[in-house]
Amino acid sequence: MPEFFVDSSPLSLRRYNHDFYVLTETWLRPTTPTRLVTFPGYTLHRADRPDGSGFGGVAILCGGGYCGSVIPQPESECATCQLESLWLRMPSWGTKRGSGHS
1 MPEFFVDSSP LSLRRYNHDF YVLTETWLRP TTPTRLVTFP GYTLHRADRP DGSGFGGVAI
61 LCGGGYCGSV IPQPESECAT CQLESLWLRM PSWGTKRGSG HS
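Reminder that position 92 of the sequence shown reads as 92 in the numbering used here, one-by-one numbering, no gaps.
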């Protein structure tokens with residue numbers, strides 16, 4: 001996502017400083033390295049459309065010291081569905097990275 005979007009968006013990350021953001025229609029391709037999509041202070045977890053078209057896709061930004069880990073998504077009961085979903089396992093509520101809690 002270009003830097004100008006982050007700076008000029010009415011939902012600017014810097015303006016609201018939330019711990020989590022959920023993004024839809026990311027339009028990232030599986031071939032786009034995550035290192036090229038940066039949001040300072042946030043960890044990006046993403047699920048691109050598997051067909052590589054670059055359309056669709058979802059992502060979750062974790063900040064504020066929270067660090068989730070991606071868990072496998074459940075199998076779809078619909079073989080023709082083209083939905084992306086992203087599931088994260090988060091630490092216990094109120095537990096942040098480096099807080100000494102597991």
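Note that CB positions come from ideal geometry on N, CA and C, so glycine has one too. All figures in this text were calculated on a predicted structure; none of them were measured in a lab.
Of the other Cβ atoms in all chains shown, 16 or more fall within 10 Å of the Cβ of residue 57; this residue is therefore buried. One alpha carbon belongs to residue 86, the other to residue 60, and they sit about 8 Å apart.
The alpha carbon of residue 84 has as its nearest neighbour, out of 18, 22, 15, the alpha carbon of 22. Beta-carbon to beta-carbon, residue 26 and residue 52 are separated by about 13 Å, too far to satisfy the 8 Å threshold. Here DSSP, grouped into helix, strand and coil, assigns residue 66 to coil. Under the rule that a run must span 3 or more residues, the beta strand (DSSP E) segments found entirely inside the region 22 to 64 read 43 to 47, 58 to 62.
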